[in-house]
Amino acid sequence: MYLTFSWQKPCHANRAYLLREMGFNFVMVERDSRSTITKINQEKEDKSRIEANIKDIKNLVQVFISIKFKYIPKMANNVAHHLAREGLQMNEETYWVEDIHDSVRSVVEEDRRRIDPG
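When the count follows full-length UniProt numbering, it moves up by one through the sequence shown with no breaks and lands on 118 for the last residue.
This is the structure we're talking about:
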């Protein structure tokens with residue numbers, strides 16, 4: 001089962017609890033910002049301009065049995081950008097929790113080819 005949405009402040013804490021209520025105990029968060037993912041995964045305290053966001057995100061660890069933060073290159077992140085564009089066109093918050101939507105299938109295949117061209 002997949003769930004996708006834009007994970008942006010100030011809503012990420014509310015969305016984390018929603019994920020938990022929906023039965024998601026093991027979560028993988030992917031971002032195309034290597035520096036943000038590095039800061040989230042570091043033990044030491046962050047002193048950058050996004051310090052407050054990093055602290056908030058690190059606090060989400062206690063919500064789930066497991067939450068991992070993974071860097072994904074922009075060139076292989078077209079699905080997230082496609083879904084974000086679709087979401088911005090809607091007037092309400094929408095969650096995709098079912099099989100892959102037809103409008104996204106070709107974008108997923110394209111991302112897979114970019115990650116593993118063999």
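Cβ atoms here follow ideal geometry from the backbone N, Cα and C, with glycine treated the same way.
Quick check on the burial criterion: 16 or more other C-beta atoms within 10 angstroms. Buried or exposed for Asp111?
Asp111 should be labelled buried.
So what's Arg113 in DSSP terms, helix, strand or just coil?
Looking at Arg113 - three-state DSSP - the assignment turns out to be helix.
Span of the beta strand (DSSP E) holding Lys39?
Premise fails: Lys39 lies in the alpha helix (DSSP H), Arg34 to Asn41, not in any beta strand (DSSP E).
Is the beta carbon of Phe69 sitting closer than 7 Å to the one on Ile37?
Contact flag set, yes.
What does a CB cutoff of less than 8 Å around Tyr17 pick up in its chain, not counting 5 residues either side in sequence?
Closer than 8 Å at Cβ, skipping near neighbours: Val63.
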